[in-house]
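The structure appears below as structure tokens.
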Amino acid sequence: MKKTIRIGLVGAGFIGRSHATAYVNQCQFGSDIKIQLVVVADPVEGAAKELAESHGFLRYTTDWHEVVTANDVDLVCICTPNSLHCEIAMEAARHGKHVNCEKPLGMNGDEAEKAAKEIEACGVIATCGFNTMKIPVIAYAKQVIDSGELGELVCFRGSYDTDGLADPNAPHAWRMLAKNSLLGSMGDLAAHVLSISQYLLGDIVAVSGMTEIVYRERKDAKGRVQPVENDDVAQFLCRYANGGIGYISSSRVAPGRKQGEVFEAQFTRGTITFSLERMNEINIYRLDGKPTDLGFKNIIVAPGHGEYGQFWSGPGIGIGYEDLKTIEEHDLLDNIVNGTKPVVDFVFAAKINRVMDAVMESAKTGAWVDVKPVNV
414 MKKTIRIGLV
424 GAGFIGRSHA
434 TAYVNQCQFG
444 SDIKIQLVVV
454 ADPVEGAAKE
464 LAESHGFLRY
474 TTDWHEVVTA
484 NDVDLVCICT
494 PNSLHCEIAM
504 EAARHGKHVN
514 CEKPLGMNGD
524 EAEKAAKEIE
534 ACGVIATCGF
544 NTMKIPVIAY
554 AKQVIDSGEL
564 GELVCFRGSY
574 DTDGLADPNA
584 PHAWRMLAKN
594 SLLGSMGDLA
604 AHVLSISQYL
614 LGDIVAVSGM
624 TEIVYRERKD
634 AKGRVQPVEN
644 DDVAQFLCRY
654 ANGGIGYISS
664 SRVAPGRKQG
674 EVFEAQFTRG
684 TITFSLERMN
694 EINIYRLDGK
704 PTDLGFKNII
714 VAPGHGEYGQ
724 FWSGPGIGIG
734 YEDLKTIEEH
744 DLLDNIVNGT
754 KPVVDFVFAA
764 KINRVMDAVM
774 ESAKTGAWVD
784 VKPVNV
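Note that the working numbering has the sequence shown beginning at 414, numbered continuously upward.
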């Protein structure tokens, strides 16, 4: 008999639509979990109504409180501006709802830690939407690293650059105001690199960083000049708990870069490289074999790599970015049904907030800053 999970969604914008589609697509997994889309909330009634009608929600509302208190909702999916993430998540948990929250979890580490503690106290299951972690070849990289065959971490370099705001005439958006998000490119882009770094390599314990606002004003859709209050570019050195060192950067004003999430992880016995724009392959160099045969091996996605086999039975066909949300939702639903702990729980997400807090402090002081631990 199938277990039914009833979904309430808060936020009917682009990312809310992406989550709603991912829930509809759970049939991809052919599991014993049945989805019912119950209610969607958005302060713009027309947006809530349109998403409800297009994806088959039973009803819609303009008040998110109606979602977290609804008796017919089991899981609340939060797709709002960053400033509302923790408030909604904690209120949902207090009403016994499981939570799927978009990243970054909190406006800062303290808020994220508070939310993690509330989740723990309420006994519900919660995860945060670092969806590029769900790429099947990243799961394969995790297996290779954990096997020990590549040795110890020496250095990690990762970046996520886009040109979405490279044009100074690109319009102002809510995410550029500090009241909605204290973080700019770091929260939107570097956070994804941080999630993969933490998943593959463990905790970062110290950072030295810089941030820059390249375009300090932009015009909104009505032609009004608005301030830009968070970083267009962020860069930082880091040190890992395991002794490795690294460098991570992000830019939302990089001409020519589309979805430029890339990384290189160097170990004592090999190296891994990856690019999001070629997300169905990964490159691994192993320091063994004949001197004449050494070189990077390009590995194409195949069944056995993460959840890829749920989509295709043969290698190399590839999946798309939207499929990562489908995998994200499936993993959480599986956690809920089986009572298991998500890899990307709120403690994991709060650690990323703590790293970004330290980068912001370092950018102000010019000094190395230790990353504050998450105490849950």
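Glycine included, each C-beta is placed from N, C-alpha and C at the ideal position.
Taking the C-alpha atoms as reference points, what is the distance between residue i and residue j?
i    : j    : result
G522 : P668 : 31 Å
G571 : L471 : 42 Å
M503 : I558 : 35 Å
H478 : S610 : 35 Å
K510 : D601 : 26 Å
R430 : E458 : 15 Å
F676 : G683 : 14 Å
V787 : G636 : 43 Å
H743 : F442 : 8 Å
A454 : N495 : 16 Å
A603 : L745 : 23 Å
C490 : S608 : 19 Å
Q639 : S467 : 33 Å
I729 : M692 : The amino acid occupying residue 729 in the given sequence is Gly; Ile does not appear at that position. Cα to Cα, the separation comes out at about 11 Å.
I501 : A435 : 21 Å
A678 : F427 : 32 Å
L707 : K785 : 41 Å
D445 : I740 : 15 Å
V714 : E735 : 16 Å
G561 : T681 : 10 Å
A583 : K632 : 8 Å
V512 : M546 : 18 Å
K671 : D576 : 6 Å
Q556 : K462 : 43 Å
A460 : G469 : 14 Å
H605 : G542 : 9 Å
V757 : E630 : 35 Å
W587 : H432 : 20 Å
V480 : A425 : 13 Å
Taking all protein chains shown into account, decide if residue i is buried (16 or more other Cβ within 10 angstroms of its Cβ) or exposed.
i    : result
H498 : buried
G622 : buried
N484 : exposed
G421 : buried
D574 : buried
Y473 : buried
L464 : buried
T475 : exposed
L737 : buried
G719 : buried
C440 : exposed
S726 : exposed
K703 : exposed
E674 : buried
A634 : exposed
A780 : exposed
T493 : buried
D770 : buried
G536 : exposed
Return the chain-ordered list of same chain residues with a C-beta closer than 6 Å to the C-beta of residue i, the five sequence neighbours on each side being excluded.
i    : result
M589 : V641
V772 : V620, G622, F649
R419 : Q449, V451, D485, V486, D487
S663 : Y573, S598, M599, L602, A603, A647
I532 : A506, A539, F759
T624 : D644, A647, A776
F709 : N696, Y698
I732 : F724
Near residue i, what residues of its chain come up, given a Cβ to Cβ distance below 8 Å and the 5 sequence neighbours on each side ignored?
i    : result
N748 : I538, T540, K754, P755
Y628 : L578, P581, V641, D645, V666
Y653 : L566, F569, L614, G615, D616, I617, V618, G659
V750 : K416, I418, D445, I446
P456 : T475
A591 : E642, N643
V437 : I448, L450, H468, G469
Residues in its own chain within less than 7 Å of residue i by CB, not counting five upstream and five downstream?
i    : result
I695 : V550, Y553, A554, I685, F687, I712
N766 : P517, L518, G519, N521, G522, A525
V789 : E526, A529, K530, E533, V760
Is there at least one Cβ from chain B nearer than 8 Å to residue i's Cβ?
i    : result
G702 : Among the chains in the structure shown there is no chain B, since it carries only a single protein chain.
*Is the stretch 636 to 651 in contact with the stretch 580 to 600, if contact means three or more CB pairs nearer than 8 Å?*
yes
*With a floor of 4 residues, list each alpha helix (DSSP H) that falls wholly inside the stretch 542 to 596, ordered by position along the chain.*
549 to 560
*Inside the stretch 590 to 651 only - alpha helix (DSSP H) runs reaching at least 4 residues*: 604 to 614
*asked:* Assess contact between the stretch 751 to 771 and the stretch 507 to 521, defined as three or more Cβ pairs (one per stretch) separated by less than 8 Å. Is contact present?
replied: yes
*At least 3 beta-carbon pairs within less than 8 Å: the stretch 655 to 670 vs the stretch 555 to 569*: yes
_In chain order, what are the residue ranges of uninterrupted beta strand (DSSP E) at least 3 long that sit wholly in the stretch 478 to 542?_
488 to 491, 511 to 514, 539 to 541
*Which whole runs of the beta strand (DSSP E) in the stretch 429 to 488 are 3 residues long or more, in chain order?*
Counting whole runs of 3 or more residues, the stretch 429 to 488 contains the beta strand (DSSP E) stretches 446 to 454, 472 to 474.
*asked:* Restricting to runs no shorter than 4 residues, where is the alpha helix (DSSP H) found entirely within the stretch 746 to 789?
replied: 759 to 778
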